[in-house]
Amino acid sequence: MRRSALKVRDMTWMAMFVAMLAVSGAFAIHIGPAPITLQTLVVMLAGSVLGARRGMISMIVFIALVIAGAPVLSGGKSGIAALAGPTGGYIISWVFAAGLTGWMVERWIRKGTLNAWKLGLAHVVGGVILIHLIGFPWLVTVLDLPLNQTTWISSLLVFLPGDLMKAILAVPVVMAVRKALPQLSSVQQQKRA
């Protein structure tokens, strides 16, 4: 009985993050081929609040909704065409970003060493660097842009400041959620002998 209750609770939390991801796509600033949204903030939150496994599942469910035709991306886009388009790499990277962020956070929770700095590092590594390492080459390939230093710098100048702000903003949110709802964590701190 207890085991199924946890599963229902997990599914509820994952569904809430899928909904937050969909809503955050509605608020977009369209400059260039990839819009600026709050969706990467939600990806960071999903990984660091839900953990690696549940965060990744949330992102997979979201992508399944996109494939099924639900208009959950910025501008109401959906379908396989949206994933095959210029921003598809960024969207697909969210699965791995939530996973890496969650894995880093869970590791520090187990060791009892999670703090705001480490949480920020997890957000930057998983939620900024990894997303750009997967999304940017996809964007360049689909748009047939030259993969050179100028393209990298111009792309990073547009997205990096906002992404770093989202990574920083996510830290106090996660700390507050983890403090208020410790039962959300799927891992526990290891007891020291």
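Using numbering that gives the first Met the number 0, read the sequence shown as starting at 0 and increasing by one per residue.
Heads up, the beta-carbon is just placed ideally off N, CA and C, and yes, glycines get one too.
Given the structure is predicted, the values throughout are model-derived calculations rather than measurements.
Looking at C-alpha atoms only, which residue of the options is the closest neighbour of residue i?
| i | options | result |
| --- | --- | --- |
| residue 55 | 121, 45 and 134 | 45 |
| residue 85 | 169, 143 and 13 | 143 |
| residue 81 | 43, 103, 37 and 138 | 138 |
| residue 52 | 89, 74 and 12 | 12 |
| residue 131 | 104, 161 and 71 | 161 |
| residue 71 | 18, 147, 89 and 169 | 18 |
| residue 96 | 120, 151, 183 and 29 | 120 |
| residue 167 | 26, 39 and 25 | 39 |
| residue 172 | 47, 105 and 98 | 47 |
| residue 63 | 50, 74 and 78 | 78 |
Please state the DSSP three-state secondary structure of residue i.
| i | result |
| --- | --- |
| residue 0 | Only weak support exists for where residue 0 lies, its pLDDT of 43 falling under 50; the coordinates are left without a value. |
| residue 28 | strand |
| residue 126 | helix |
| residue 22 | helix |
| residue 194 | Residue 194 falls outside the range modelled here, since the chain spans only 0 to 192, and no answer is possible. |
| residue 98 | helix |
| residue 182 | helix |
| residue 88 | helix |
So who's on the other strand from residue i, going by DSSP bridges?
| i | result |
| --- | --- |
| residue 108 | DSSP output for residue 108 lists no bridge partner at all. |
| residue 35 | 28 |
Note the first and the last residue of the continuous alpha helix (DSSP H) segment covering residue i.
| i | result |
| --- | --- |
| residue 162 | 148-179 |
| residue 54 | 51-67 |
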